[in-house]
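Just below is one structure, and these are the notes that go with it.
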Amino acid sequence: DAGVIQSPRHEVTEMGQEVTLRCKPISGHDYLFWYRQTMMRGLELLIYFNNNVPIDDSGMPEDRFSAKMPNASFSTLKIQPSEPRDSAVYFCASTRTELMNTEAFFGQGTRLTVV
Amino acid sequence: GNSVTQMEGPVTLSEEAFLTINCTYTATGYPSLFWYVQYPGEGLQLLLKATKADDKGSNKGFEATYRKETTSFHLEKGSVQVSDSAVYFCALSPTGGGNKLTFGTGTQLKVEL
């Protein structure tokens, strides 16, 4: 398996623009997580899905952020409008129910820079 | 709520030195505890885990023991290598909480020749 695939790896955008980050989880995994990593705040859970349904979005910073999972093999995290403080590395991770309380598999991340 | 506290870095060691990275946690019940490692430019990878008190997780020469009495899960390695240079994250998954991981802030380790 190719692992969790995120795209793009790097994104530079201007303030006010819409940004869409993409994630393909490992086939057969029924949990998908979006994390944000910054120097100041470390690794924060933004939202997670189980069987394509959002379970907990309490970590989503504000209404400018939205996430969808239209099917088991694809998820997006959208920021509209983007702001410089959104600059961070965004990670997607997946796992499956049988692996509860164990390993989550992470993608390589998308480094977002908002100028 | 649940939280994980780890020692701040960076930690700089010479090759073959002994490593300890401290981690303490706050959680109700009996969480599962993890150490993840992040190499430059990559995502996080599971290094080791422990799911109940007094369990010892081990992998690649690293060890950590789940100490409920001190709510700790310190990471140790007897002899570090340059290739161990990375950021190490302590994390917990709460009792019955599925796979919702809470991470510490990470500790950067630099190993020099």
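Chain order of the listed sequences is A and B.
The opening residue of the first sequence carries number 31 in the numbering used here; numbering runs sequentially from there.
The opening residue of the second sequence carries number -13 in the numbering used here; numbering runs sequentially from there.
C-beta atoms are modelled at their ideal positions from N, C-alpha and C, and glycine is treated no differently.
Source: prediction; values computed, not measured.
Would you list, in chain order, the members of the region 14 to 36 of chain B that have their beta-carbon closer than 9 Å to a beta-carbon of chain A? Listed by position along the chain: P17, S18, F20, Y22, Q24, G27, E28, G29, L30, Q31, L32, K35.
So, is B:A39 buried or exposed, given that buried needs 16 or more other C-beta atoms within 10 angstroms? On the second sequence, position 53 is the one that residue 39 of chain B refers to. Looking at its Cβ environment, which holds fewer than 16 other Cβ atoms inside 10 Å, B:A39 is exposed.
On a CA-only basis, which of A:T140, A:F136, A:V145 is nearest B:V31? Give me that one, please. Numbered from 1 along the second sequence, position 45 holds the residue referred to as residue 31 of chain B. Correcting the residue type first, residue 31 of chain B is Gln in the shown sequence and not Val. If we check each option's Cα against that of B:Q31, A:F136 comes out closest.
Can a CB atom of chain B be found closer than 8 Å to the CB of A:Y120? Start at 1 with the first residue of the first sequence, and residue 120 of chain A comes out as number 90. Not one chain B Cβ lies under 8 Å of A:Y120.
Run of the beta strand (DSSP E) containing B:K63, from where it starts to where it stops: If you number the second sequence from 1, residue 63 of chain B lands on position 77. Looking at the DSSP string, the run of the beta strand (DSSP E) that includes B:K63 is 61 to 63.
Whole angstroms is fine: what's the gap from A:G29's alpha carbon to B:T91's? Because chain A spans 31 through 145 in this model, residue 29 of chain A falls outside it and cannot be assessed.
Beta carbon of B:C9, beta carbon of B:F48: below 8 Å? To locate residue 9 of chain B, count along the second sequence from 1; it is residue 23. To locate residue 48 of chain B, count along the second sequence from 1; it is residue 62. Result no, Cβ atoms of B:C9 and B:F48 do not sit closer than 8 Å.
For the beta strand (DSSP E) that contains B:V(-3), what are its first and last residues? Mapped onto the second sequence, residue -3 of chain B falls at position 11. -3 to 0 is the extent of the beta strand (DSSP E) around B:V(-3).
From which residue to which residue does the beta strand (DSSP E) around A:Y78 run? Residue 78 of chain A sits at position 48 when you count from the first residue of the first sequence. Residues 72 to 80.
Who are the neighbours of A:G139 on chain B, taking C-beta pairs under 7 Å? Along the first sequence, one-based indexing puts residue 139 of chain A at 109. Near A:G139 (Cβ distances below 7 Å), the residues of chain B are G29.
Through-space distance from B:D70 to B:L34, alpha-carbon basis: Taking the second sequence and counting its residues from 1, the one referred to as residue 34 of chain B is at position 48. Taking the second sequence and counting its residues from 1, the one referred to as residue 70 of chain B is at position 84. Taking the straight line joining both Cα atoms gives about 14 Å.
Would a check of beta-carbon distances place B:G(-13) closer than 8 Å to chain E? Annotation note: the requested chain E is absent from the structure, which comprises protein chains A and B.
Whose CA, out of B:Y22, B:K54, B:S44, lies closest to the CA of B:T88? Along the second sequence, one-based indexing puts residue 88 of chain B at 102. Comparing Cα-Cα distances from B:T88 to each of B:Y22, B:K54, B:S44, the minimum goes to B:Y22.
Using a Cβ-Cβ cutoff of less than 6 Å, which residues in the same chain neighbour A:L75 once the five nearest sequence positions on both sides are dropped? Translated into positions along the first sequence, residue 75 of chain A becomes position 45. So the qualifying residues of the chain are Y65, G89.
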